[in-house]
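Down below is the structure, laid out as structure tokens.
In our numbering, the protein residues as written are 37 to 167.
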């Protein structure tokens with residue numbers, strides 16, 4: 037994966053968070069996520085450092101992306117999410133890793149909730165899949 041928009045911001049994260057972001061983005065990329073974005077929320081909130089936003093085209097792809105992210109993070113860092121929600125409908129699956137929150141949306145939910153607009157003050161890093 038290639039990061040765009042703020043490589044220096046990505047590198048400024050502590051090594052654990054950077055590894056978590058890399059694993060989450062790689063998992064999303066593996067299952068062909070659309071519009072994967074990392075929002076750097078350091079300095080805007082105290083409870084976590086970053087949001088990863090990813091989109092699947094339907095509920096099956098949303099679940100597959102979420103499962104692959106969980107797998108990649110567990111494989112690379114040996115951790116599981118502290119909490120997860122949204123598996124039943126798979127319109128919006130949230131994976132809480134403490135310092136990083138991952139949101140996987142279907143397309144209508146991503147458009148409706150528009151977290152990028154809500155957090156528009158946050159520096160964003162877009163990724164280009166390595167396909």
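Beta carbons: idealized from backbone N, C-alpha and C, even for Gly.
Would you tell me roughly how many angstroms separate the C-alpha atoms of residue 38 and residue 125, rounded to the nearest one? Residue placement at residue 38 cannot be trusted, given a pLDDT of 48 that sits under 50; what the coordinates show is reported in the next sentence. The alpha-carbon separation between residue 38 and residue 125 amounts to approximately 31 angstroms.
To the nearest angstrom, how far is it from the Cα of residue 97 to the Cα of residue 67? Roughly 7 angstroms between the two C-alpha positions.
For residue 52, tell me which candidate among 115, 138, 70 has the shortest Cα-Cα distance. Measuring from the Cα of residue 52, the nearest candidate turns out to be 115.
Whole angstroms are fine: how far does the CA of residue 63 sit from the CA of residue 102? Taking C-alpha positions only, residue 102 is separated from residue 63 by approximately 8 angstroms.
Tell me the residue span of the beta strand (DSSP E) that contains residue 119. In the DSSP assignment, residue 119 falls within the beta strand (DSSP E) that extends over 119 to 121.
Residue 141 by DSSP, collapsed to three states: which one? Strand.
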